[in-house]
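Structure record follows, encoded as structure tokens.
2 protein chains.
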Amino acid sequence: MNRRSTLADVARAAQVSKTTASMAVNGKGDGKIPLVTRQRVMEAANALHFRPHAVARALVNRCANVLGIVWTLDPFRRAANHPFEQALLSAIFYEALERGFNPMVYAYPGSSCSEIDFMRFVDGRSDAFLMLYPPVDCPLVRYLGDRDIPVVSLCSRVRDSRARWVDSDHQAGIEALVEHLASLGHRRIAYFIGPDAEDAVHTRVQTFQQALESRGLPFHQNWVLPYTWQTDITDQQIETLMSDPEPPSALLTWYDFAAEEIYRVLRGRGLCVPEDISVVGFDDVHPASTLEPPLTTVRQDVSFLAQSAVEMAISAVTNKDDGEDLPRHRICPVELVVRRSTQYVV
Amino acid sequence: MNRRSTLADVARAAQVSKTTASMAVNGKGDGKIPLVTRQRVMEAANALHFRPHAVARALVNRCANVLGIVWTLDPFRRAANHPFEQALLSAIFYEALERGFNPMVYAYPGSSCSEIDFMRFVDGRSDAFLMLYPPVDCPLVRYLGDRDIPVVSLCSRVRDSRARWVDSDHQAGIEALVEHLASLGHRRIAYFIGPDAEDAVHTRVQTFQQALESRGLPFHQNWVLPYTWQTDITDQQIETLMSDPEPPSALLTWYDFAAEEIYRVLRGRGLCVPEDISVVGFDDVHPASTLEPPLTTVRQDVSFLAQSAVEMAISAVTNKDDGEDLPRHRICPVELVVRRSTQYVV
DNA sequence: TAAAGTAGGTGAACCGATTTACCTTTGAGT
DNA sequence: ACTCAAAGGTAAATCGGTTCACCTACTTTA
């Protein structure tokens, strides 16, 4: 098992030219290559354990069949351990491989985003990039756009017109949560929102406000609180909220992970979910269903998100010069999942 | 911004040959290329936004600077959401990129492991493979070994002599946990162990037994229980354990994630941790420190594991024909982290 | 029988780098 | 004046495929 065998070896063994060997191996040249020849080549290829060299192929095809996955690897995010993100990632890997594209991971170059950092993205390794949660005005998206490299943004509706994006229907999700709470009689609802950098924050807050107002429920700007991932601050925020003469009876949280922490803080203050206060999450990933009580939340369809994004990216590569086919944006449906963290207001 | 510029373009612009351009760009040919020429080439390269085409380079260098990361992507594992695994993965990505190697993700071909499935691993894209938790007798490891492709196994001490591995010191970890519990006066300890497929199970159980016996503590084979990820079965197991006339006063669990579930089951039966029973985990990842009570556990050094594995793989690629340098195996130290899930036995 | 297909196939260029083996100058040493 | 080495540089082969343009030997068709 010394050197890997090449197409030339196969051609020699089958007594044909490289051209014929190539066509036979790739199942091309219908009508040009009779069955006997094709079989002769195939046998030689098998005997020699021939495997086409993907790098050579990529060079001449000007297409590597590789999808770049751009992801924030910095220590903060690593510590934050976002299960939704993990689920999304592995779904992306799965979908890409399924379609014959190899996923290659890139670290999102943080705030220090000079041209130098971007150069590693355009060395011909990856045909297209799939970015998780890029900022809506992302310099990297622009850079890649300038070089005609397809970009699909996941969970962030980037503004660059050349980029594609796939996102959940945050509007429908928030609408459904508010409707659910309202139908249980809740009138005073507060919202722990996510980091300002995330695109969805604005949509969700705006929808939240509209959903309240359209039902005649009060919207207080100071009941829209930033969630900070710091227990003591969260505790302080809850303290302030609950010392209101008319405290909220329900809490929206940025995502399930935050809801878990908020459960803890509420429990620490002797408040029971859902008897004293209803809590809802977003995402429906672990640990939503195993919390005590199980969390009412909105499910984002991870597989559908991943599949849409991968399909969009691959189609952009494949039909690069042809007329476009797939729409450049997709909003994926979400689903309300009612569990036991919400109940009638007493 | 039409076509990407090539080395030939740069050479033409700088009025030198491709050879010279190549050397100048790569900082080679000390003494051969005078500073003026070098600068002229560099300026041309910058002006043309030249970026060497990694695929072409890989072809001629017979080295792609890519590390294959082999990971189980199947739905079961995706659902199991192992935070330790996620931490390990992102640490690997980080370390590889840090060293100029691009990580490319591969799905571990499940039980249906025919040659066909293995072929996609040897198409020249990846120079070496880093596998997470492969079985100790892994056909893929053998296959790659046969083809002289370096393999590093993470968290599993594969038996193939050509493969390298990096693993935590499970022995020290279990030893430390038992010592900790014994020093608190515990004499009756049960163990919820992990899936049989995992290499570490045997080491840990064996060490557990030795650690008990060397301290004169009783070891019961039927107190070594398989953890099943199914709440009702876990509940049944706890029921059986606790109805023993002399029930255990402490529980070792396979990992923190399992400890969380076991907390729930114990709470469901009205048992308090640590007053009624002490519980310990393994890994020290989320949610160990945020559980109530915070979990006593053993910390695996994720960064060190990842760094060792990546270094080993890269060194195997770089010094492929030279004499070996790095040792082929590494056992990484672990650390006991005492929190509040353990206390003196009453 | 000549012209025109067609089936089956090939040689050589090419993708974009790296590297080997030369080739000129120029200057120093004797 | 002649040799030799060093300095500075280049043409061409190579990596392992794909594909364009052509070529030959038959068989039809008019």
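Taken in order, these protein sequences are the chains called Y and P. According to my numbering, the first sequence is numbered sequentially starting from 1. According to my numbering, the second sequence is numbered sequentially starting from 1001. For every residue, glycine included, the Cβ atom is placed at its ideal position computed from N, Cα and C. As the structure is a prediction and not an experimental result, all values here were calculated from the model.
Residue i versus residue j: straight-line alpha-carbon distance, rounded
| i | j | result |
| --- | --- | --- |
| M1 (chain Y) | H53 (chain Y) | Any reading at M1 (chain Y) needs caution, since the residue's pLDDT is 49, under 50, leaving its predicted position unreliable; the model's value is listed next. Approximately 16 Å, taken between the alpha carbons. |
| A172 (chain Y) | V334 (chain Y) | 7 Å |
| A1309 (chain P) | S1153 (chain P) | 8 Å |
| P1135 (chain P) | Q1086 (chain P) | 19 Å |
| L73 (chain Y) | D1301 (chain P) | 17 Å |
| F84 (chain Y) | E311 (chain Y) | 20 Å |
| A313 (chain Y) | I189 (chain Y) | 39 Å |
| R159 (chain Y) | E95 (chain Y) | 26 Å |
| H1329 (chain P) | Q1209 (chain P) | 25 Å |
| Q15 (chain Y) | K32 (chain Y) | 16 Å |
| N1065 (chain P) | F1101 (chain P) | 5 Å |
| R1340 (chain P) | L266 (chain Y) | 21 Å |
| G281 (chain Y) | I262 (chain Y) | 10 Å |
| A1197 (chain P) | L1132 (chain P) | 13 Å |
| H286 (chain Y) | S214 (chain Y) | 32 Å |
| P1226 (chain P) | L130 (chain Y) | 40 Å |
Per-residue DSSP class, three states only, for residue i
| i | result |
| --- | --- |
| L184 (chain Y) | coil |
| P1103 (chain P) | strand |
| Y133 (chain Y) | coil |
| A163 (chain Y) | coil |
| Q1230 (chain P) | coil |
| A1197 (chain P) | coil |
| F219 (chain Y) | coil |
| G1145 (chain P) | helix |
| I1033 (chain P) | coil |
| F1192 (chain P) | strand |
| H1049 (chain P) | coil |
| A91 (chain Y) | helix |
| R1125 (chain P) | coil |
| L7 (chain Y) | helix |
| L1212 (chain P) | helix |
| R330 (chain Y) | strand |
| L97 (chain Y) | helix |
| G27 (chain Y) | coil |
| V1158 (chain P) | coil |
| L73 (chain Y) | coil |
| Y344 (chain Y) | coil |
Where residue i falls, given that 16 or more other Cβ within 10 Å makes a residue buried
| i | result |
| --- | --- |
| P245 (chain Y) | exposed |
| Y143 (chain Y) | buried |
| P195 (chain Y) | exposed |
| P103 (chain Y) | buried |
| D30 (chain Y) | exposed |
| T234 (chain Y) | buried |
| I92 (chain Y) | buried |
| V178 (chain Y) | buried |
| G1216 (chain P) | exposed |
| V141 (chain Y) | buried |
| Q1221 (chain P) | exposed |
| L7 (chain Y) | buried |
| H1082 (chain P) | buried |
| E1098 (chain P) | exposed |
| P150 (chain Y) | buried |
| Y1255 (chain P) | buried |
| D1137 (chain P) | exposed |
| H202 (chain Y) | exposed |
| Y344 (chain Y) | exposed |
| I1116 (chain P) | exposed |
Closer than 7 Å: residue i CB and nearest the ligand MG heavy atom
| i | result |
| --- | --- |
| N102 (chain Y) | Judged by which ligands are present, the structure shown has none, so any question about the ligand MG falls away. |
How about the region 1175-1186 of chain P and the region 1242-1259 of chain P: do they share at least three Cβ pairs that are nearer than 8 Å? Touching, per the Cβ criterion.
Kindly provide the ranges of any beta strand (DSSP E) runs that are 3 or more residues long and lie completely inside the region 1236-1313 of chain P, ordered along the chain. For the region 1236-1313 of chain P, the full-length beta strand (DSSP E) segments reaching 3 residues or more read 1250-1252, 1278-1280 and 1297-1300 along the chain.
So, does the region 1058-1070 of chain P touch the region 1096-1115 of chain P, judging by three or more C-beta pairs under 8 Å? Flag = yes, the region 1058-1070 of chain P and the region 1096-1115 of chain P touch.
Three Cβ pairs or more, each shorter than 8 Å: is that satisfied between the region 1029-1049 of chain P and the region 45-59 of chain Y? Segments in contact, no.
Is the region 112-126 of chain Y close to the region 1015-1035 of chain P, with three or more CB pairs under 8 Å? Counting Cβ pairs under 8 Å, fewer than three are found: no touch.
Would you say the region 1328-1342 of chain P touches the region 1157-1174 of chain P, given that touching needs at least three Cβ pairs under 8 Å? Taking 8 Å as the limit for Cβ pairs, the verdict is that the region 1157-1174 of chain P does touch the region 1328-1342 of chain P.
Between the region 1272-1282 of chain P and the region 1054-1064 of chain P, do at least 3 Cβ pairs fall closer than 8 Å? Between the region 1272-1282 of chain P and the region 1054-1064 of chain P, the count of Cβ pairs shorter than 8 Å is below three; the stretches do not touch.
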